[in-house]
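Colleague:
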Amino acid sequence: MSTAVRVRFAPSPTGALHVGGLRTALYNYLYAKKMGGTFILRIEDTDQNRFVDTAEDYIKESLEWIGITPDESPWNDKGSVGPYRQSERKAMYKEYAQQLVEAGHAYYAFDTSEELDAMRERLKAARVDNPQYNAITRMQMKNSLTLSAEELKSKMDAGEPYVIRLKVPRKDEVRLNDLVRGWVMVHSSQIDDKILMKSDGMPTYHLANVVDDHLMGITHVIRGEEWLPSAPLHVLLYQFFGWEDTMPQFAHLPLLLKPDGNGKLSKRDADKHGFPIFPLQWKDPASGEDVAGFREDGYLPDALTNFLAFLGWNPGTEQEIFSKEELVDAFSIERIGKSGTKFDINKAKWFNQQYLKSKDNAELAHYLLKDLETHGKSASKETAENVVNALKERVTFPHEFYTEGIFFFEKPTVYDEQVISKKWTSDAVKVLKLYAVALEKESFIDAEKAKVLLTDVLEQEGIGMGKVMQALRVSITGKGAGPDLMEIISILGKDEITERIRLALDTLQDQVK
């Protein structure tokens with residue numbers, strides 16, 4: 007078998023893709039590209055009871071949006087190890103489960119749900135902390151280890167429902183060397199006889215996962231910490247199949263924690279703090295609720311990628327802003343931490359700001375022009391580029407070019423009351439009147455000329471700049487703060503500025519202090 011790196015991301019189509027799953031996909035992708043290997047996307051749809059029709063398309067669109075392209079997948083079947091949906095591989099799993107039964111590593115179990123409940127109640131009554139079907143209790147249950155050959159044949163011939171369970175050794179130590187956590191050792195008495203094949207003929211996650219990873223030549227299993235308790239069971243399966251020499255290396259990623267660091271991040275936490283937890287907006291098929299997504303909230307895919315990369319990994323340098331190519335070059339499993347990492351949405355916003363600021367004005371203008379059209383307004387491409395240039399240091403999300411810059415396209419109808427109460431003085435009114443006259447006489451105005459004219463008027467009247475600037479700003483924008491005022495004047499032009507100043511003077515004439 008080839009020693010080239012082959013990794014996989016294997017989501018279940020049971021709902022929206024959690025941001026933790028997106029990080030797992032990213033780490034697998036980065037490692038594959040760093041090592042010149044192959045990144046596989048496999049859909050693990052063996053749990054038909056939880057299957058959601060739209061979930062697979064959602065996973066595909068999410069990965070496409072963030073720029074993670076699998077080398078092999080259900081949608082790009084270029085490999086020779088497909089199909090890439092477990093539901094399409096159903097027949098082979100039974101063969102492998104049967105192989106384990108024949109080798110004495112698994113057995114048929116015919117216990118009903120009532121009998122299983124009764125077993126658990128007996129164990130609880132005996133003060134057993136963790137009641138489970140294991141090396142001890144299996145001998146008191148209805149399975150091929152306790153039934154006679156005749157009884158077993160009779161049940162099989164009659165088509166009585168059964169599951170296939172793994173026969174976990176009673177006294178054994180299972181060891182694996184995790185690439186993130188080091189050596190993990192679990193005594194087999196802590197592992198129950200997991201079901202490998204359900205009564206409906208579908209495999210469980212444990213069997214299908216190990217069989218598929220082996221057949222697909224997976225060399226590294228990079229997955230979330232929540233799967234660490236299952237790893238010893240998977241090691242046993244590799245041993246029982248005789249695949250131990252080609253068993254993949256495991257790397258279990260640290261948990262994503264709540265913003266306060268107290269517990270695993272959940273959708274409830276995201277809702278509470280007002281941030282998304284899914285890459286794209288998701289319509290919950292059960293409730294019909296539309297759940298927010300990072301894309302719809304205005305996060306850029308490159309910014310989210312950069313943010314996710316730092317949730318558990320660090321480059322060992324002071325660099326924080328990485329292109330995807332730089333992340334590939336810098337990424338290593340050795341620099342993934344063991345401890346859970348807080349989900350700091352403010353850091354995600356910071357990344358978004360940095361990526362917005364790095365984009366050229368023509369690209370940013372596209373967002374503004376689209377929002378203007380949505381709201382029934384228009385502007386030239388040149389004006390849009392000038393507006394985003396004035397605002398790009400002050401916004402976090404693309405939609406804020408419109409919301410924060412609406413004053414560029416509408417005269418103010420209300421004025422900041424706090425500014426008016428403190429700064430709308432007779433001195434300010436005098437300067438504004440003279441400034442409007444000075445602007446009117448000019449044939450052209452830019453930011454530098456606008457400042458010179460204002461300075462000339464102030465010097466002529468012997469009034470300081472500080473007594474006038476906020477009043478001038480509020481007369482033009484309606485707000486007490488914003489981007490560079492001279493730049494605003496340059497963008498709007500002398501005629502529009504003159505109109506706005508005089509409109510404010512008329513509107514606020516009774517409020518002069």
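Residue numbers (the working numbering): 7 to 519. Glycine included, C-beta positions come from ideal geometry on N, C-alpha and C.
#1: My assumption, with CB atoms under 8 Å, is that leucine 5 sits in contact with tyrosine 35. Please give the rounded CB distance.
#2: Report all residues from its chain with a CB closer than 6 Å to the CB of arginine 479; omit the five preceding and five following residues, and keep chain order.
#3: Mapping DSSP to helix, strand and coil, what is tryptophan 233?
#4: Return the bridge partner residues of lysine 270 from the DSSP annotation.
#5: Measuring alpha carbon to alpha carbon, tell me which residue in Lys344, Pro19, Asp206 is nearest histidine 258.
#6: Out of curiosity, what's the CA-to-CA distance linking proline 76 and glycine 43?
#7: The beta strand (DSSP E) that contains threonine 152, what's its start and end?
#8: Between which two residues does the beta strand (DSSP E) containing methionine 191 stretch?
#9: Compute the Euclidean distance between the alpha carbons of methionine 7 and glycine 223, then round it to the nearest angstrom.
#10: Residues in its own chain within less than 7 Å of threonine 20 by CB, not counting five upstream and five downstream?
#11: Select from Ser150, Ala22, Ala10, Pro307 the residue whose C-alpha is nearest the C-alpha of alanine 292.
#12: Along the chain, which unbroken stretches of the alpha helix (DSSP H) at least 4 residues long are found entirely within the stretch 25 to 104?
#13: Do alanine 477 and leucine 438 have their CB atoms nearer than 9 Å?
#14: List the residues that DSSP assigns as beta-bridge partners of alanine 257.
#15: Between Asp377, Gln359, Val394, Ile351, which lies nearest to leucine 370 when the distance is taken from Cα to Cα?
#16: Hey, quick one: how far does the alpha helix (DSSP H) through aspartate 501 stretch, first residue to last?
#17: Select from Asp123, Gly294, Tyr99, Ser154 the residue whose C-alpha is nearest the C-alpha of tyrosine 211.
#18: In angstroms, rounded to a whole number, what distance separates the CA positions of glycine 73 and arginine 48?
#19: Could you tell me whether the Cβ atoms of serine 249 and histidine 220 are closer together than 9 Å?
#20: Going by C-alpha distance, which of Val13, Leu514, Ala38, Asp350 is nearest valine 435?
#21: Counting only runs that start and end within the stretch 265 to 337, where is the alpha helix (DSSP H) found for 4 or more residues in a row?
#22: Taking the CB atoms as reference points, tell me whether lysine 387 and leucine 375 lie closer together than 9 Å.
#23: What number of angstroms, rounded off, separates the C-alpha of phenylalanine 284 from the C-alpha of tyrosine 361?
#24: If I measure Cβ to Cβ from glutamine 466 and keep anything under 6 Å in the same chain, skipping five residues before and after, which residues do I get?
#25: Take arginine 171 as the anchor and find which of Leu182, Val463, Met145 has the nearest alpha-carbon.
#26: Please classify lysine 348: does DSSP put it in a helix, a strand, or coil?
#27: Among Glu423, Lys363, Glu416, which one has its Cα closest to the Cα of threonine 402?
#28: Considering only the beta carbon of each residue, do threonine 323 and leucine 32 sit closer than 9 Å?
#29: Have a look at valine 217 and methionine 203 and give me their C-alpha separation to the nearest angstrom.
Modeller: Reading off the structure:
#1: Nothing about residue 5 can be reported from this structure: the residues present for the chain run from 7 to 519 only.
#2: To locate residue 479, count along the sequence shown from 1; it is residue 473. Taken in chain order, the residues that qualify are Leu491.
#3: Within the sequence shown, numbered from 1, the residue matching residue 233 stands at position 227. In this structure, tryptophan 233 counts as helix in the three-state DSSP scheme.
#4: Taking the sequence shown and counting its residues from 1, the one referred to as residue 270 is at position 264. According to DSSP, which records beta bridges pairwise, lysine 270 is partnered with Leu263.
#5: In the sequence shown, the residue the question calls residue 258 occupies position 252. Out of Lys344, Pro19, Asp206, Lys344 has the C-alpha closest to the C-alpha of histidine 258.
#6: Taking the first residue of the sequence shown as 1, we reach residue 76 at position 70. Taking the first residue of the sequence shown as 1, we reach residue 43 at position 37. Their backbone Cα atoms lie some 11 Å apart in a straight line.
#7: Position 146 of the sequence shown, counted from the first residue, corresponds to residue 152. Where threonine 152 is concerned, there is no enclosing beta strand (DSSP E), given that its DSSP letter is neither H nor E.
#8: In the sequence shown, the residue the question calls residue 191 occupies position 185. Segment 188 to 193, the beta strand (DSSP E) holding methionine 191.
#9: As a working note, residue 7 is residue 1 in the sequence shown. As a working note, residue 223 is residue 217 in the sequence shown. Caution is warranted here: a pLDDT of 41 is assigned to methionine 7, below 50, making its placement in the model unreliable, and no coordinate value can be reported.
#10: Against the sequence shown, residue 20 aligns to sequence position 14. If we look at threonine 20 and ignore the five residues flanking it on each side, its Cβ neighbours are Asp53, Arg56, Phe57, Val58, Ala61.
#11: For the purposes of this step, residue 292 is taken as the residue at position 286 of the sequence shown. When only C-alpha atoms are compared, the closest one is Ala22.
#12: 25 to 40, 61 to 72
#13: As a position in the sequence shown, residue 477 is number 471, starting the count at 1. As a position in the sequence shown, residue 438 is number 432, starting the count at 1. Contact: yes.
#14: In the sequence shown, residue 257 corresponds to position 251, counting from 1. DSSP output for alanine 257 lists Ile228 as bridge partner(s).
#15: If you number the sequence shown from 1, residue 370 lands on position 364. Among Asp377, Gln359, Val394, Ile351, the Cα nearest to that of leucine 370 is on Val394.
#16: What you label residue 501 is simply residue 495 of the sequence shown in a count that begins at 1. 500 to 513 is the span of the alpha helix (DSSP H), which, as asked, contains aspartate 501.
#17: In the sequence shown, residue 211 corresponds to position 205, counting from 1. The candidate whose alpha carbon is nearest that of tyrosine 211 is Tyr99.
#18: Start at 1 with the first residue of the sequence shown, and residue 73 comes out as number 67. Start at 1 with the first residue of the sequence shown, and residue 48 comes out as number 42. Going by the C-alpha atoms only, they are around 17 Å apart.
#19: What you label residue 249 is simply residue 243 of the sequence shown in a count that begins at 1. What you label residue 220 is simply residue 214 of the sequence shown in a count that begins at 1. In the sequence as displayed, the identity of residue 249 is tryptophan instead of serine. The answer is yes: Cβ separation under 9 Å.
#20: Position 429 of the sequence shown, counting from 1, holds the residue named residue 435. Answer by Cα proximity: Leu514.
#21: 273 to 279, 307 to 315, 330 to 336
#22: Your numbering for residue 387 matches position 381 in the sequence shown. Your numbering for residue 375 matches position 369 in the sequence shown. Cβ atoms of lysine 387 and leucine 375: closer than 9 Å.
#23: As a working note, residue 284 is residue 278 in the sequence shown. As a working note, residue 361 is residue 355 in the sequence shown. Spanning the two alpha carbons is a distance of roughly 20 Å.
#24: In the sequence shown, counting from the first residue as 1, residue 466 sits at position 460. There are no such residues.
#25: Mapped onto the sequence shown, residue 171 falls at position 165. Among Leu182, Val463, Met145, the Cα nearest to that of arginine 171 belongs to Met145.
#26: As a first step, residue 348 must be located in the sequence shown, where it is residue number 342. Here lysine 348 sits in strand by DSSP.
#27: For the purposes of this step, residue 402 is taken as residue 396 along the sequence shown, with counting starting at 1. Closest by alpha carbon: Lys363.
#28: Sequence index remark: in the sequence shown, residue 323 carries index 317 (1-based). Sequence index remark: in the sequence shown, residue 32 carries index 26 (1-based). Against a cut-off of 9 Å, the Cβ pair of leucine 32 and threonine 323 comes out as no contact.
#29: The residue you call residue 217 lines up with position 211 of the sequence shown. The residue you call residue 203 lines up with position 197 of the sequence shown. Cα to Cα, the separation comes out at about 12 Å.
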